[in-house]
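In the numbering used here, the protein residues as written are 5 to 154.
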């Protein structure tokens, strides 16, 4: 029977060690659950930018100001960067709900201002028949003081 007693004592020691391991496992599981609650959410943080100006035209809007950090939002609407006006041109036909677009933009910037824009058409200078060089493509030299004399 001595071998049976040895087996029983081994089983008791294994059982006590198993209980200890299970207790440690429970404590570790509780810690990981608590740390997950304190961890930041997996969604990206909301980016806050400075002042943004929306200028509304007939067929498109122009978004200017501090827009670098939210440029991907404009790309969703197929917006294109316009270097001349230093802003994003977005066709109004690409924006399904303009009010929702403005509300989303309002939440992402510190100040949002909306204005109506007017397109300015550049007029070609009128040709005056009495002025020299009025014919297109014609070059008239009025003074030859800069030219070399032979």
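We put the beta carbon where it would ideally sit given N, CA and C, even for glycine.
At a cut-off of 4 residues, the continuous stretches assigned as alpha helix (DSSP H) that sit fully inside the region 58–82 are 75–80. Here the region 25–33 makes no contact with the region 78–86; the two share fewer than three CB pairs at distances below 8 Å. In this structure, the straight-line span from the alpha carbon of residue 109 to that of residue 86 is close to 19 Å. Note on geometry: alpha-carbon atoms of residue 71 and residue 127 lie some 32 Å from one another. Residue 26 is bridged by DSSP to nothing; it lacks a bridge partner. Rounded to whole angstroms, the gap between the alpha carbons of residue 114 and residue 27 is 51 Å.
Around the Cβ of residue 66, a 10 Å sphere holds 16 or more other Cβ atoms; the residue is buried.
Residue 59 has its alpha-carbon roughly 18 Å from the corresponding atom of residue 53. Residue 88 carries a coil assignment under DSSP once its states are collapsed to helix, strand and coil. Using a Cβ distance threshold of 9 Å, residue 23 and residue 51 do not count as a contacting pair. Around the CB of residue 94, 16 or more other CB atoms lie within 10 Å, so the residue is classed as buried.
Per the DSSP secondary-structure output, residue 56 pairs in a beta bridge with 69, 116.
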